[in-house]
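As structure tokens, the structure follows; a few thoughts come after it.
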Amino acid sequence: MAADKPEKLKTNPAVAPAALLLAEIERLKSELSRAERKVSELELRADVDPLLDILNRRGFERELKRSLAYLQRYQGEAALLFIDLDGFKAVNDQHGHAAGDVLLKAVARELVGHVRASDVVARLGGDEFGVLLWNLGAALAAAKARELEKLIEAVSVAHGEARLAVGGSAGLAPLAVGATPEQMIDAADQAMYARKKERRS
């Protein structure tokens, strides 16, 4: 009696396409996840000044908006400083923008290094900085403003045989519940101009 031939394995023709489809779905999920991470990174970088690696005006206004909303709900104290560098245009004009950039970086390092982790430092414009100070009343915030002015005046960077330095005028505006970020920045800006006039006289 002839030996029985082994029975051929039965295969489902739908199995292979289904496996391929699942693999393609997993690949697309992975690509989507990578794309979402990239978008998140780009959104974060959009709020950061590329030269100084601190928040730019857009990022600062976002933080200021959050802070105002927090104070409206939970109360507390906070203050905004608007700092303008005195004499920075002369540095750019006499030594070039590259030298000015080095000086800006040095000033930014001093500001970041002399505030608390809960505070926020940002570049609002060419030579303008914003500092958000948490849990400080008007008197302590004013003292901090004068301290930061002195720190800026002490900054000095080498450029060839020259030493580059600037001054700083800090305007103070305590955060007011119900105000908008734009209104707060404008108030601190006006206070800065008053402070600059005071320093000149």
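Mapping of the sequence shown onto the numbering used here: position 45 corresponds to residue 45, and the numbering continues sequentially without gaps. Backbone N, C-alpha and C define an ideal beta-carbon position, used for all residues, glycine too.
Neighbourhood of residue i by C-beta, 8 Å cutoff - its chain only, sequence neighbours within 5 removed
| i | result |
| --- | --- |
| Ala138 | Ala79, Leu172, Pro174 |
| Leu52 | Leu104, Lys105, Ala108, Arg123 |
| Met1 | Any answer about Met1 is weak, because its pLDDT of 48 lies below 50 and its placement is not dependable; what the coordinates show is given next. Taken in chain order, the list of residues that qualify is empty. |
| Leu136 | Glu77, Ala78, Ala79, Lys144 |
| Ala158 | Leu164 |
| Met184 | Leu64, Leu68, Leu80, Ala173, Leu175, Ala176 |
| Asp49 | Leu55, Asn56, Ala122, Arg123 |
beta-carbon residue i near the ligand GDP non-hydrogen atom, thresh 8 Å
| i | result |
| --- | --- |
| Glu198 | Only the bare structure without any ligand can be found here, which leaves the ligand GDP out of the picture. |
Short CB-CB distance (under 9 Å) between residue i and chain D
| i | result |
| --- | --- |
| Gly100 | No chain D appears in the structure shown, which is made up of a single protein chain. |
Residue i - containing alpha helix (DSSP H), residue span
| i | result |
| --- | --- |
| Ala170 | Careful: Ala170 lies outside any alpha helix (DSSP H), inside the beta strand (DSSP E) at 167-174. |
| Ala154 | 138-154 |
| Ala194 | 181-200 |
Where residue i sits in the DSSP three-state scheme
| i | result |
| --- | --- |
| Ala117 | coil |
| Leu104 | helix |
| Asp110 | At residue 110 the sequence reads Glu, which differs from the Asp that was named. Correct three-state label for Glu110: helix. |
| Pro17 | helix |
Beta-carbon contacts of residue i that lie in its chain and below 6 Å, excluding the five residues immediately before and after
| i | result |
| --- | --- |
| Ala187 | Ala173 |
| Asp127 | Leu85, Phe88 |
| Asp189 | Phe82 |
| Val177 | Leu71, Gln72 |
| Val131 | Leu81, Val121 |
| Arg57 | Leu124 |
| Ser156 | Arg163, Ala165 |
| Gly168 | Ile83, Leu85, Glu149, Ile152 |
Residue i - containing beta strand (DSSP E), residue span
| i | result |
| --- | --- |
| Gly130 | 128-134 |
| Val177 | Neither: Val177 is in no beta strand (DSSP E) and is coded neither H nor E. |
| Leu124 | Taken as a continuous stretch (DSSP letters only), Leu124 belongs to no beta strand (DSSP E), as it is neither H nor E. |
Close-in-space but distant-in-sequence residues of the same chain around residue i (CB under 7 Å, 5 per side omitted)
| i | result |
| --- | --- |
| Val91 | Ala99, Gly100, Leu103, Leu164, Val166 |
| Trp134 | Ala78, Ser118, Asp119 |
| Asp93 | none |
Uninterrupted alpha helix (DSSP H) stretches inside the stretch 19-88 (no shorter than 4 residues): 57-74
Segment contact, 8 Å Cβ cut-off, at least three pairs: the stretch 158-165 with the stretch 84-100: yes
Three-pair Cβ contact test at 8 Å for the stretch 110-122 versus the stretch 144-158: yes
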